[in-house]
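Counting from 295, one number per residue, gives the positions in the sequence shown under my numbering.
Cβ atoms here follow ideal geometry from the backbone N, Cα and C, with glycine treated the same way.
Only a predicted model underlies this, so the values are computations on that prediction, with no experimental measurement involved.
I have placed the structure first, in the form of structure tokens, so that the comments after it can refer back to it.
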Amino acid sequence: MTLAKIIQPGFSTADAEYPEIIIESNGIVLKFVDWQENKVEILFAEAVAYKWQTIETLIEGEADDCSHIIEDSEWVNEHINQDIIGPNDNYIHYKLNFNSTGQFEVISANLVVKT
Numbered sequence: 295m296t297l298a299k300i301i302q303p304g305f306s307t308a309d310a311e312y313p314e315i316i317i318e319s320n321g322i323v324l325k326f327v328d329w330q331e332n333k334v335e336i337l338f339a340e341a342v343a344y345k346w347q348t349i350e351t352l353i354e355g356e357a358d359d360c361s362h363i364i365e366d367s368e369w370v371n372e373h374i375n376q377d378i379i380g381p382n383d384n385y386i387h388y389k390l391n392f393n394s395t396g397q398f399e400v401i402s403a404n405l406v407v408k409t
């Protein structure tokens, strides 16, 4: 069963500004300004997939203004089934919810807060 687990990665997406998504050779960088006017920059290392949507879709355990790890992710399983990643590669499905602004999802090896 797919579940959302709230994480505390060292930044807040609650009431943050619309993010900037940058694709780089080593992963995907997400930049935004949080509710306290702090600039936040996150590297999602070795990203194999990402998406942004303005609609809100929530699953069990998910909050609309928090960051999550999606456990037993169907999206990750699709990438394993198509041999994009291996079953033992430890890729993680992250989902960051920006209230009514939108949702950012990524499959990556990890996340590193750069600021």
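- Item | Among E350, A341, V323, nearest to A403 - alpha-carbon criterion | Reading the sequence shown from its first residue, position 109 is the one you call residue 403. It is A341 whose Cα lies nearest to the Cα of A403.
- Message: Let's test the definition: count the other Cβ atoms within 10 Å of the Cβ of G304 and tell me whether it reaches 16, buried, or not, exposed.
- Response: Counted from its first residue, the sequence shown places residue 304 at position 10. Exposed is the call here.
- Query: Taking the Cβ atom as the reference point for each residue, do G321 and A339 lie within a distance shorter than 9 Å?
  - Reply: As a first step, residue 321 must be located in the sequence shown, where it is residue number 27. As a first step, residue 339 must be located in the sequence shown, where it is residue number 45. Yes.
- Can you tell which of T307, N391, Y312, V406 has the C-alpha that lies nearest to the C-alpha of L424? With the chain represented from 295 up to 409, any question about residue 424 goes unanswered, as that position is not in the structure.
- Task: Please check the pair E399 and K389, which I expect to be a contact at CB under 8 Å, by giving their CB distance rounded to whole angstroms.
- Result: As a first step, residue 399 is located in the sequence shown; it is residue number 105 there, counting from the start. As a first step, residue 389 is located in the sequence shown; it is residue number 95 there, counting from the start. Sure, about 5 Å apart at Cβ, within 8 Å.
- Could you work out which residue in N375, L337, Y385 is closest to S319 when comparing CA atoms only? The residue given as residue 319 occupies position 25 in the sequence shown. Residue nearest to S319 within the set N375, L337, Y385 is L337 (criterion: CA-CA distance).
- For C360 versus I300, is the C-beta distance shorter than 9 Å? Position 66 of the sequence shown, counting from 1, holds the residue named residue 360. Position 6 of the sequence shown, counting from 1, holds the residue named residue 300. Taking 9 Å as the Cβ cut-off, C360 and I300 qualify as a contacting pair.
- Helix, strand or coil for W346 per DSSP? In the sequence shown, the residue the question calls residue 346 occupies position 52. Strand at W346.
- Use the C-beta contact count for Y385: other C-beta atoms within 10 angstroms, 16 or more gives buried, fewer gives exposed. By one-based count along the sequence shown, residue 385 stands at place 91. Classified as buried, Y385 has 16 or more neighbouring CB atoms from the shown chains inside 10 Å of its CB.
- Task: Would you kindly report the start and end of the unbroken alpha helix (DSSP H) that includes I374?
- Result: Mapped onto the sequence shown, residue 374 falls at position 80. 368-375 is the span of the alpha helix (DSSP H), which, as asked, contains I374.
- Task: Buried or exposed for P381, please, with buried defined as at least 16 other CB atoms from any protein chain shown within 10 angstroms of its CB.
- Result: For the purposes of this step, residue 381 is identified with residue 87 of the sequence shown, where counting begins at 1. Label assigned to P381: exposed.
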